[in-house]
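First up is the structure itself, then whatever we jot down about it.
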Amino acid sequence: MARAPFQLGEHTIQPGQRLQIDVPVARLYTHTPLHIPVEVVHGRKDGPVLLVCGGIHGDEINGVEIVRRVLRAKAINSIRGTLIAVPVVNVFGFLQQTRYLPDRRDLNRCFPGSESGSLGGRIAALFREKIVDHATHIIDLHTGAIHRTNLPQIRAQLQTGSETERMADAFGAPVILNAELREGSLRHYAQTRGIPVLTYEAGEALRFDEWAIAPGVRGVLRVMRRLGMLTGEQRRRTPAPAELAKGSSWARAPIDGILRPKVRLGARVAKGEVLGKVADPFGNDEGEVRAVADGIVIGMSRLPLANEGEALFHIARFNEIDEAETAIESFNSSLVPPPDSFY
Ligand SMILES: [Zn+2]
300 MARAPFQLGE HTIQPGQRLQ IDVPVARLYT HTPLHIPVEV VHGRKDGPVL
350 LVCGGIHGDE INGVEIVRRV LRAKAINSIR GTLIAVPVVN VFGFLQQTRY
400 LPDRRDLNRC FPGSESGSLG GRIAALFREK IVDHATHIID LHTGAIHRTN
450 LPQIRAQLQT GSETERMADA FGAPVILNAE LREGSLRHYA QTRGIPVLTY
500 EAGEALRFDE WAIAPGVRGV LRVMRRLGML TGEQRRRTPA PAELAKGSSW
550 ARAPIDGILR PKVRLGARVA KGEVLGKVAD PFGNDEGEVR AVADGIVIGM
600 SRLPLANEGE ALFHIARFNE IDEAETAIES FNSSLVPPPD SFY
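Here the sequence shown is numbered in the numbering used here, starting from 300 and rising by one per residue.
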């Protein structure tokens, strides 16, 4: 029996077709209509409906490039199931090069949203109804916030043997965080609906970090292969399995001042180790930022200017830290170029 067409609003996508659709989302106050750009690839054969989306935070653009490259991958022309690719969800923020919506709300705190709510609530509701509720699986692409960079990592709620765990394993990021769900996030909404969902966090806002983009593209394709959406041989070797972090915490600036970091993203650090020094511009007052636990630096500030209490280094803790270090070394060795030095 032939597969049913895919319906998105008034658009019908036949099996074997792909279609780019501009989903109307709002108007700018200039009267200019604003759309969320979507491409639907509807395979000939039945399979999962995977949503891959970037830019829920409008300044997180590594995911935009990941989506573009996934859509250009040859294998996408003959998928089983359906790929819904959304490079930019928060089009307002993307235009303004900011994380937020014009009302300063975070779209990723607005789900499930409501048609009569705030601007954020309305966009969340529209995106959910038109797109998210059609998906059987989701990969949500993020980066660190402004001036923060993340070692490529998967965040998900992992139950042993779950579909989410299968997807997280397949992705091949060096670190997996069993992360708490934030109320109002897309991940929270999807999880409560029983839709397996991964968040990929890699690189810095407002940057193209090749070491975050290339593994992101490979990760999405690997998940598609694991879900049975891609046929044919896998050409690249699978990386060393990621270690599941048992928790994470931030090392913070002890005083107001200017940071000189001493460790790199991905570094293994010991509890109490000096990660960086913060001093005033003369160097009179100086404070040391120390690791709060043994672990791996999975995120750090890229802005050397810090106020007391500011989060500077994100340290993940592991039961098997040797394995975690091995996974990261294996990951780094597969990259050209590797993550930057200190900044
Ligand atoms: Zn984000």
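C-beta: ideal position from N, C-alpha, C; glycine also.
Because the structure is a prediction, the values reported are computed rather than measured.
query	result
Rounded straight-line distance, which links the Cα of F410 to that of A444	19 Å
N- and C-terminal bounds of the alpha helix (DSSP H) containing M466	E462 to F470
heavy atom of ligand 1 below 6 Å from V441 C-beta	Note on identity: in this sequence residue 441 is His, with Val being the wrong assignment. Indeed, a heavy atom of ligand 1 lies less than 6 Å from the Cβ.
Pair within 7 Å by beta-carbon distance, M528 and G346	yes
V573, buried or exposed, once every other Cβ within 10 Å from all chains shown has been counted against 16	exposed
Beta-carbon proximity list for Q396, same chain, < 8 Å, skipping 5 on both sides	G357, D358 and L505
Pairwise C-alpha distance: R525 and A552	42 Å
M528: first and last residue of the uninterrupted beta strand (DSSP E) it sits in	Here M528 belongs to no beta strand (DSSP E), and DSSP marks it neither H nor E.
Short Cβ contact (7 Å threshold) for H436 with T498	no
Where D402 falls: helix, strand or coil (DSSP)	coil
Rounded straight-line distance, which links the Cα of E587 to that of D555	11 Å
Proximity test, H356 beta-carbon vs ligand 1 heavy atom, cut-off 6 Å	yes
Where the beta strand (DSSP E) containing A626 begins and where it ends	A626 -> not in any beta strand (DSSP E); alpha helix (DSSP H) instead, spanning I620 to S632.
Span separating the alpha-carbon of T261 from that of K344	Here the chain comprises residues numbered 300 to 642, so residue 261 is not present and cannot be evaluated.
Cα-Cα separation between R454 and P473, rounded to whole angstroms	12 Å
Under the three-state DSSP convention, the category Q452 falls into	strand
Contact set for G565: own chain, Cβ-Cβ below 7 Å, skip 5 residues either direction	L450, I595, V596, I627, N631 and P638
Separation of L476 from S640, as counted between CA atoms	Confidence at S640 is low in this model, with a pLDDT of 45, below 50, so its placement is unreliable and the value that follows should be read with caution. Cα to Cα, S640 sits roughly 24 Å from L476.
Alpha carbon of L485 to alpha carbon of E428, nearest angstrom	12 Å
S640, DSSP secondary structure in three states	Caution applies to S640, whose pLDDT of 45 falls short of 50 and renders its modelled position unreliable; the value that the coordinates give is listed next. Three-state DSSP puts S640 in coil, outside helix and strand.
Beta carbon of P314 nearer than 7 Å to that of H341	yes
Integer-rounded CB distance, given that R421 should sit under 8 Å from E414	6 Å
Backbone CA spacing between R559 and V577 [nearest angstrom]	6 Å
Start and end residues, beta strand (DSSP E) containing I614	A610 to R616
Test item: CB-CB of V643 and I355 under 7 Å	Residue 643 falls outside the range modelled here, since the chain spans only 300 to 642, and no answer is possible.
Segment limits, beta strand (DSSP E) that includes Q458	Counting along the chain, Q458 falls outside any beta strand (DSSP E), and DSSP gives it neither H nor E.
Near ligand 1: E482 beta-carbon under 6 Å from a heavy atom	no
Cβ separation of N361 and A541, assumed to be a contact under 8 Å, to the nearest whole Å	Contact doesn't hold; Cβ gap of about 19 Å is too wide.
Proximity winner among R563, V591 and I557, relative to S547 (alpha-carbon distances)	V591
Burial state of F393, where buried means 16 or more other Cβ atoms lie within 10 Å	buried
As assigned by DSSP and simplified to three states, the class of Q250	The displayed coordinates of the chain run from 300 to 642. Any statement about residue 250 would go beyond what the structure contains.
Assigned secondary structure, E309 (DSSP; H/G/I helix, E/B strand, else coil)	coil
Straight-line gap, S633 to D432 (C-alpha atoms, nearest Å)	36 Å
Assigned secondary structure, L425 (DSSP; H/G/I helix, E/B strand, else coil)	helix
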